[in-house]
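Novice: Take the sequence shown: its position 452, counting from 1, is numbered 497 in the working numbering, and each next residue is one higher.
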Amino acid sequence: MAEQEPGCLHGKKQLPAFTWEVRANDRSYHRQFKKRFAFCLSKQKYAGNAIKTAKYNVFTFLPLNLYEQFHRMANIYFVFVIFLQAFPAISTLPWYPLLFPLSCLLVIRGVRDLIDDIGRHQSDRNINSRPCEILCGKRFRWRKWRDICVGDIVRLRKESLVPADMLLLCSSEPSSLCYVETTDIDGETNLKFRQALLVTHQELVREESMAAFDGRVTCEEPNSRMHSFTGTLAWRGQTYPLDSERILLRGCRLRNTDLCYGLVIYAGFDSKIMRNCGKIKRKKTKLDRMMDRLVIIIFVVLLVMSLCLAIASGFWAKMFQEKHSYLSAFYKHTTPAQQAFFNFWGFTILLSIIIPMSMYIMFEFIYLVNSCFINWDLEMYYAAKDIPAQARSTSLNDQLGQIEYIFSDKTGTLTQNMMSFKKCCVNGAVYGTGTGHEDKHPRGSGVTWTQNVQKKSDFCDVTLLEAAQRDKDPVLREFLRLLALCHTVMVEEKGDQLVYQAASPDEEALVLAARNLGYIFLARTQDTITISELGKKRVYKVLAMLDFNSDRKRMSVLVRDPQGTIRLYTKGADTVILERLQSRGPNETFTERALDLLGATAIEDKLQDGVPETIQLLKLGNIKVWVLTGDKQETAVNIGYACKLLTDDMEILEEKEVSEILEAHWVSNNNSSGNGEAQSSSSLSQQRPKASQHKKRALIISGDFLDKILHTGEVLKEERRLWQRLPCCRAAGSELQGSLVEKAFVDLATSCQAVICCRVTPKQKALMVQLVKKHKKAITLAIGDGANDVNMIKTADIGVGINGLEGAQAVQCSDYALAQFSYLQRLLLVHGRWAYLRICKFLRCFFYKTFAGLMAQVWFAFHSGFTAQPLYEGWFLALYNIFYTAYPVLSMGLLEQDVSAKKSLEFPELYVVGQQDELFNYRVFGITLLHGVSTSLASFYIAFWAFRDHVGSKVVGDYESFAVTVATSALLSVLMEIILDTKFWTVLSFAMVAASLLLFCLFSFLTQSIGAFRIAPAIFCFPDATRNALTDPYVLLVVLLSLVVNTIPSLTIHLYHTMAGKTTIQQKTRLKAKQAPEPSVELRAHVPRGSFHRRSSYAFSHQEGYAGLITRGDSLRAGAARPGLLHPEMQTRALPSPPSPSP
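Below, the structure written as structure tokens:
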């Protein structure tokens, strides 16, 4: 099937089209095909295997980076102002002083982007330079991954990564089995097997036959469907069907298989894992987008103000010329209209400093320092592996304080990728953790049978070990015998060590626990199992093996012991075992009946430290956590309960209930309105099955169900889809109706307290994030540790990578890197909330001080004939935003705190402020604007009225002294407002305020000295103005009056807010004290109240085990190895050692 465009969510159903043809060992055939990708340009149809995730190269960095940077409206605004300054007729300042700060801003951001991209280039180079063996001519040679082409035959060795999507031709295992680990693809740590076609297994036994192989594979075009593949192999006049069981996907790791050979089907970006990796997008914070809109609003207001003042200047000039006709000689070369035109541009330039460049430069510095605070936080340093927290992006810190939804992977993110045998109950006695009998080193045990096993269990109970050694309890003996016999684990000897390979980690944990207690699984053949029971070797004949699957939820093995007794051993979910203890069920096989219960086991998929507490804190902070995993549903649900994401009082909505709710929603929606408009999420959240009326709900769905609901255009096995049954979707191909289905589903999901999506592909993970962003306009965070999480991390507003066991792909594509999931609480509730608080206060204070200090230019125009003459000295305008008021605001942006880190974690409810945009929004900006305007009005008109009829005790009633008085009043009022608004005082905070006053005095002395005036009177045109004005007591009283008038309203409001804030904190403290403590996490079977189905804690096997392979003998080695193919190093010419990867 031809793949749909990534952004298309509602395409029509398409039939499979096998247009991808691959010919083995024929590179020239594939090179002749090209495809169009842009206008008349074309490229090779069959992509090479080299990948490129970097954004820039040497030639594209400068144009692309500048193009991206000028998507910021502020940069366009600054370029426009510089352009106006280049015209001397309207310019108030030279253009080059304004170009310098803009250049600095562009260079800072460009260097930051360049450093990030160099890291991506390094990663690409390392991946493309990995060594591999490619068939060249008649022998295999060591090459790089980037040299692989479609149609090549590649040889892989044990523990190597699969470099491209390949058809398995044969392997060194019996029946050409191949065991792979798909951790980087779906997060599962269990082994999966792939098997070659019988014909290639039998015929391709030597390198000569590989070189002569000319098979032709015809299959579907490259697509993102990880779990499906359809095609055929044509060879020697015969056609053989192919499916996903024959395919090795790029990113898998070869395990327990010495050698295998594959034919490359999809390479590079055509491979399925790369099709699931989204593109790198420039992320902008919510405040960034708001600032772009504010720049446009301010610029429009500025133009309107300039236009009004220019029109007024034209009328004033006309009236002045008519009244003072004797001055007509001065105006004979200009008209009032011309004066208005030039004054318009003059006012535009004069008022352009309302949006100063220095604010954006400080922005970058604040972001950088706050990122350093994250890097330096010892509370997020993982000493066990020497991994600190890392802020890989320096421009998203404030958005960490606004997260509403967290999308988390399970394996390796919430869990440690380790299964642990914790407890067991045998014959009514409980052993293990929490019983008081556990001991890592029991004295006098004399245990010697665990020395020959490579991986050891951490479970040891003294009482259980002693009981096993005494061998007096027949029930315990049979219990341990069952653990050693009833499984599909493969065993391999490495020297004197036994290595177990299991279909699931929990099955391996049971075998290790039995071995730890003296019942060691040693070997198996097609029809026998050999174990050691307390040092005595016993061979059991396997008569039948009934494997686990998702329907049976149990596994059984029928064996004959050495004494000839036939026994049936069964293990499985408690829900299916308990009902088979006494009577036979209706759908039960004859053998699995009237079972005797031997015991129960408790296996823990170990959570990372602090995961339950972290999720609880995040939930209290109004952050919803969704788990998106490639794992199976039973395992994900168990982890959900263990980490407190799910609770016993929750109603669990599964696929059937979701279908009913959506269908009921659309029926009621169509009955209420004929236009098909979706109801609100609140009304949708009230739709539920009649059997339950719970308030708390959790949604649990699978990836296949997600495809049916959202109609993503993927090929589905089911012929009848849910969306075809929904009333809104009966009209096929309706994009609007499909969008309404999306919105209804998202509304339902977001109304739930928890969401778990199982068996989802990397692309589906990204789709879930995209849907929430699209329909809820919410800030999202994605966290994961593997390559299967990369697309989700790129799509979310914030991407967090975990330095885990699944490689560094997630970290390389993330914005922030952590060692543990639990560090997320400090990253968001402390650093994120502080960063949001600091940036918002910085913006408020910066806009306030700008309006308060510079809006006086507008009021001065009403008293200066509406000319564009500046009120202030030119040096005051230049230094106001750089030295005089910048440092206190900068200190606030770097160090401000409302509460300590401890209180931030104690009261996670404080985080809601950022989610609701309370600290900086259009309302806050409007209030800040009015506050700044009122301050400028008071500073200007108090001085204006004071200077109107009084010249002072000294001769200070001039324009220069008036300008100094207004400037000093505005500056002191701004500094007082910053002092009142600062909640967290440090030595640096005091130093910054003092430095502002000292710099004002210093630069006023330097720029207004008589010596400077004599050197350049046009530049230093305010000689001794500040000294003359501020030494007059009358002027000082005017400044003091302005300061008092401007401070009293702010002081009153701050006192009110302070008192109200204390009351709120006290109320929260009392509320928290009344709350009952959360129960500790226990391993127990959770039964949701009101549920009709008892949930089992059983989570064996992510997929069906190896029972079929064992009973057929496919997985068991023959006596003699296949000559030539299986051991190429034994041929006459030895192969060279593999080259080391390039750095």
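Idealized CB from N, CA, C, for every residue including glycine. All values derive from a computational prediction rather than experimental measurement.
Would you list the residues sitting across from V475 in a DSSP beta bridge?
Specialist: Note: V475 sits in a beta bridge opposite C470.
Novice: Find out if the Cβ-Cβ distance for the pair Y925, A1040 is shorter than 8 Å.
Specialist: The answer is no: Cβ separation not under 8 Å.
Novice: Per DSSP, what are the beta-bridge partners of E178 in this structure?
Specialist: Note: E178 sits in a beta bridge opposite W187 and R200.
Novice: In terms of alpha-carbon separation, which member of Y285, V225, V670 and K331 lies closest to L299?
Specialist: For the residues Y285, V225, V670 and K331, the minimum Cα distance to L299 belongs to V225.
Novice: Write down every uninterrupted run of the alpha helix (DSSP H) in the segment 930-972 whose length is 4 residues or greater and which is fully enclosed by it, in chain order.
Specialist: You should have 931-940, 946-951 and 957-960.
Novice: Would you report the Cα separation of L922 and A382, rounded to the nearest angstrom?
Specialist: The straight-line gap from Cα to Cα measures roughly 28 Å.
Novice: Since A69 sits in a beta bridge, which residues does DSSP pair it with?
Specialist: Paired residue(s): none; A69 is not in a bridge.
Novice: For the candidate residues V556, G829 and R117, whose alpha-carbon lies nearest to that of L339?
Specialist: Nearest C-alpha to L339: R117.
Novice: Check the DSSP bridge columns for I432 and list the partner residues they point to.
Specialist: Note: I432 sits in a beta bridge opposite Y427.
Novice: Can you tell me whether DSSP reads A1165 as helix, strand or coil?
Specialist: Confidence at A1165 is low in this model, with a pLDDT of 42, below 50, so its placement is unreliable and no value can be given for it.
Novice: So is A428 buried or exposed if we call it buried at 16+ other beta carbons inside 10 Å?
Specialist: Classification of A428: exposed, given that the 10 Å Cβ count is below 16.
Novice: Grab me the residues of A69's own chain with a C-beta within less than 7 Å of its C-beta, minus the 5 sequence neighbours each way, in chain order.
Specialist: G196, I198, F258, D259, G260 and L308, listed in sequence order.
Novice: Could you have a look at P286 and say whether DSSP puts it in helix, strand or coil?
Specialist: Note: P286 maps to strand in three-state DSSP.
Novice: At which residues does the beta strand (DSSP E) containing Q89 begin and terminate?
Specialist: Counting along the chain, the beta strand (DSSP E) containing Q89 begins and ends at L86 to Q89.
Novice: Considering Cα atoms alone, identify which of W920, A92 and L212 is closest to D1190.
Specialist: The question about residue 1190 has no answer, for the chain in this structure spans 46 to 1188.
Novice: Cα separation between L755 and V786?
Specialist: If you take the alpha carbons of L755 and V786, they lie about 7 Å apart.
Novice: Buried or exposed for S1187, going by 16 or more other Cβ atoms inside 10 Å?
Specialist: In this predicted model, S1187 has a pLDDT of only 36, less than 50, meaning its place in the structure is not dependable; the value taken from the coordinates is given anyway. Flag for S1187 reads exposed.
Novice: Quick check on the DSSP output: the beta strand (DSSP E) that includes G898 runs from which residue to which?
Specialist: It is not in any beta strand (DSSP E) - G898 instead sits in the alpha helix (DSSP H) that spans R878 to L899.
Novice: Which ranges would you report for the alpha helix (DSSP H) in the segment 286-322 if only whole runs of at least 4 residues count?
Specialist: Counting only runs of 4 or more, we get 317-320.
Novice: Does V584 come out as helix, strand or coil in the three-state DSSP assignment?
Specialist: In the structure shown, V584 sits in a strand (DSSP, three-state: E or B).
Novice: Runs of 4 residues minimum, wholly inside the segment 816-882: which ones carry the alpha helix (DSSP H) assignment?
Specialist: Whole alpha helix (DSSP H) segments, 4+ residues: 835-840, 854-857 and 868-871.
Novice: Do you know offhand how far A799's Cα is from F452's?
Specialist: Approximately 11 Å between the Cα atoms of the pair.
Novice: Quick check: the Cα distance between V957 and L793, rounded to an integer number of angstroms?
Specialist: The straight-line gap from Cα to Cα measures roughly 22 Å.
Novice: Name the DSSP bridge partner or partners of E265?
Specialist: Answer is none; E265 lacks a bridge partner.
Novice: Is it a yes or a no for the segment 440-449 touching the segment 210-218, going by three-plus beta-carbon pairs under 8 Å?
Specialist: No contact exists between the segment 440-449 and the segment 210-218.
Novice: Under a three-way DSSP split, which group does F1048 fall into?
Specialist: Of the three classes helix, strand and coil, the one that applies to F1048 here is helix, per DSSP.
Novice: Can you give me the C-alpha to C-alpha distance between Q114 and V152, rounded to a whole angstrom?
Specialist: Answer to the nearest angstrom: the Cα atoms are 10 Å apart.
Novice: Whose C-beta lies closer than 6 Å to the C-beta of Q914 among residues of the same chain, with five residues either side of it excluded?
Specialist: Excluding sequence neighbours, Q914 sits near nothing in its chain.
Novice: In angstroms with no decimal places, state the Cα-to-Cα distance between S1095 and E1022.
Specialist: Between S1095 and E1022, the C-alpha separation is close to 7 Å.
Novice: Using beta-carbon positions only, say whether G276 and T263 come within less than 8 Å of one another.
Specialist: In contact: G276 and T263 (Cβ atoms closer than 8 Å).
Novice: For V602, which residues does DSSP report across the bridge?
Specialist: Partner(s): M590 and Y614.
Novice: How about R889 and V944: do their beta carbons lie closer than 8 Å?
Specialist: The answer is no: Cβ separation not under 8 Å.
Novice: Classify M463 as buried or exposed, calling it buried when 16 or more other Cβ atoms lie within 10 Å of its own Cβ.
Specialist: Result: exposed.
Novice: In the DSSP output, what is C802 paired with across the bridge?
Specialist: Paired residues: L673 and I746.
Novice: Relative to the C-alpha of L964, which candidate in K947, Y585, T575 and F887 has its C-alpha closest?
Specialist: Of K947, Y585, T575 and F887, the residue nearest in Cα terms is F887.
Novice: Any contact of the segment 857-867 with the segment 824-842, i.e. 3+ C-beta pairs under 8 Å?
Specialist: Contact between the segment 857-867 and the segment 824-842 is present, because at least three Cβ pairs lie under 8 Å.
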